[in-house]
Amino acid sequence: MRIKLTLAIIASFVAPPAVAADGQLPGQASPARGVYLGAFGGGGFGTATDVNQLGTAFFPEVAGGPLAVNARGRTDSGGVGFVGGQVGYEFSHGSVLPAFEIEGLYLANGTRRATLENPTDRLPEHTFDDAFPMSSSVVLANLVVSFPTSYPGVTPYIGGGVGGARVAIDGANSLQTNPAEAGINHFNSGADSSAWTFAAQAKAGVRVALSSNAYVFGEYRYLYVGSVDQIFGPTVYDTHVPTSSWTERFGDTSYHLGTAGIGFNF
Numbered sequence: 387m388r389i390k391l392t393l394a395i396i397a398s399f400v401a402p403p404a405v406a407a408d409g410q411l412p413g414q415a416s417p418a419r420g421v422y423l424g425a426f427g428g429g430g431f432g433t434a435t436d437v438n439q440l441g442t443a444f445f446p447e448v449a450g451g452p453l454a455v456n457a458r459g460r461t462d463s464g465g466v467g468f469v470g471g472q473v474g475y476e477f478s479h480g481s482v483l484p485a486f487e488i489e490g491l492y493l494a495n496g497t498r499r500a501t502l503e504n505p506t507d508r509l510p511e512h513t514f515d516d517a518f519p520m521s522s523s524v525v526l527a528n529l530v531v532s533f534p535t536s537y538p539g540v541t542p543y544i545g546g547g548v549g550g551a552r553v554a555i556d557g558a559n560s561l562q563t564n565p566a567e568a569g570i571n572h573f574n575s576g577a578d579s580s581a582w583t584f585a586a587q588a589k590a591g592v593r594v595a596l597s598s599n600a601y602v603f604g605e606y607r608y609l610y611v612g613s614v615d616q617i618f619g620p621t622v623y624d625t626h627v628p629t630s631s632w633t634e635r636f637g638d639t640s641y642h643l644g645t646a647g648i649g650f651n652f
């Protein structure tokens with residue numbers, strides 16, 4: 387009896403521990419994902435942005451000659467929705483899991499509106515009400531660092547990246563309200579514009595494993611989109627003096643975004 391008890395105790399130390407179906411020991415932190423793909427979406431809001439409207443109205447000399455316009459204002463803030471995808475590679479390095487990834491996002495910014503004032507001695511007031519239906523396509527190269535925990539399948543992470551954003555405006559409208567010009571869109575000959583600018587982000591979140599090669603994640607993102615110039619067509623109406631093309635100079639914009647997604651590693 388004593389011999390059997392002794393052999394059982396020895397066997398308990400020598401025998402390998404039980405291994406789960408996914409190859410992990412009970413309580414062991416998640417291994418590196420290797421190659422992974424993810425899809426995500428969410429919403430948030432974009433901050434208000436400084437904007438200048440630059441152009442020239444070619445009045446004849448009898449009416450004072452060309453009038454330079456440098457109208458200044460600020461767009462409103464507003465909600466955004468977005469979707470995106472990512473591909474990356476994660477590996478083990480000491481007690482952390484670094485990863486390099488490429489992400490693409492599409493943001494539906496909605497219509498941003500602004501009231502702009504042009505200071506000039508020739509008019510007591512020169513005011514425009516502008517509307518910019520806007521969207522942004524963003525591509526980013528990220529570094530992400532995950533921190534394995536003692537909770538199986540739960541992995542917090544932080545990350546950040548840089549890249550570019552293509553900001554597009556479709557169907558812009560610039561209405562002069564003082565002196566009033568009813569029905570005149572100053573961008574009527576070219577109301578669409580797009581341009582590229584710098585973009586960067588920081589993010590923090592947590593992944594929760596669904597299986598050995600699938601997981602869901604949630605995160606907060608801060609997205610920065612740099613200043614950008616958009617060029618619109620000149621004002622072309624029989625009832626309006628001709629103008630130059632119009633430049634809309636937008637300042638940088640910050641976005642605060644909540645994200646949810648699903649991923650798969652291979």
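So the sequence shown is numbered by the working numbering: it starts at 387 and just counts up by one.
Even for Gly, the Cβ is constructed at its ideal location relative to N, Cα and C.
All values reported here derive from a predicted model rather than from experimental measurement.
Inspect the beta-carbon positions of residue i and residue j and report whether they are closer than 9 Å.
i    : j    : result
G619 : E605 : no
N651 : V421 : yes
P491 : L526 : The sequence as given places Leu at residue 491; Pro does not occur at that position. Yes, the Cβ-Cβ distance between L491 and L526 is below 9 Å.
G596 : T541 : Here residue 596 is Leu; the residue named in the question, Gly, does not match the sequence. The answer is no: Cβ separation not under 9 Å.
S630 : G441 : yes
L423 : V455 : no
G649 : F603 : yes
T583 : F518 : no
F445 : V553 : no
H572 : Q587 : no
E707 : G471 : A question about residue 707 goes unanswered here, because the residues of the chain that appear run from 387 up to 652.
G569 : I617 : no
Drop a sphere of 10 angstroms on the beta-carbon of residue i, count the other beta-carbons inside from all chains shown, and report buried for 16 or more, exposed for fewer.
i    : result
D516 : buried
A646 : exposed
I555 : buried
G450 : exposed
T653 : Outside the displayed range of the chain (387 to 652) lies residue 653, so it cannot be described from this structure.
S536 : exposed
G557 : exposed
N564 : exposed
R508 : exposed
G465 : exposed
F533 : exposed
G644 : exposed
V614 : buried
A485 : buried
T392 : Its pLDDT being 47, under 50, T392 is placed unreliably in this model, and the value from its coordinates should be taken loosely. With fewer than 16 other Cβ atoms within 10 Å, it is exposed.
G428 : buried
T625 : exposed
E634 : buried
A566 : exposed
A443 : buried
E511 : exposed
T639 : buried
A329 : Residue coverage of the chain in this structure runs from 387 to 652, which leaves residue 329 outside it and unanswerable.
P412 : Summary for P412: the model assigns pLDDT 43, below 50, so the residue's position carries little reliability; its value from the coordinates is reported in the next sentence. Exposed, since its Cβ has fewer than 16 Cβ neighbours within 10 Å.
Report back the beta-carbon spacing between residue i and residue j to the nearest angstrom; my notes put them in contact at under 8 Å.
i    : j    : result
Y601 : R593 : 5 Å
A585 : L609 : 7 Å
T513 : L453 : Contact flag wrong, Cβ pair sits at about 14 Å.
G539 : E503 : Actually they are not in contact, since the Cβ atoms of G539 and E503 sit about 57 Å apart, beyond 8 Å.
G549 : V531 : G549 to V531, Cβ: 18 Å. No contact.
G430 : H642 : 5 Å
A457 : Q439 : 4 Å
N574 : Y623 : 7 Å
A551 : V627 : About 35 Å separates the two Cβ atoms, so there is no contact after all.
Per DSSP, which one or two residues make a beta bridge with residue i?
i    : result
H479 : V482
E511 : The partner list for E511 (beta bridge, DSSP) is empty, contrary to what the question assumes.
D615 : R635
L502 : G459, F514
Y537 : Answer by DSSP bridge pairing: none, since Y537 is not bridged.
G604 : V592, A646
E487 : G474, N528
R653 : Any property of residue 653 remains undetermined from this structure, which presents the chain solely from 387 to 652.
P620 : Answer by DSSP bridge pairing: none, since P620 is not bridged.
F671 : The question about residue 671 has no answer, for the chain in this structure spans 387 to 652.
A443 : L453, T629
I544 : V531, A590
S560 : D516
V437 : G459, F636
G465 : F431
N574 : According to DSSP, which records beta bridges pairwise, N574 is partnered with nothing at all.
G420 : E476
Any beta carbon of chain C sitting closer than 9 Å to that of residue i?
i    : result
F468 : Any reference to chain C falls outside this structure, which holds one protein chain only.
Across the region 511-526 and the region 490-501, are there enough close Cβ pairs to call them in contact, namely three or more that are closer than 8 Å?
yes
Cβ pair count under 8 Å reaching 3, the region 475-488 against the region 432-445:
no
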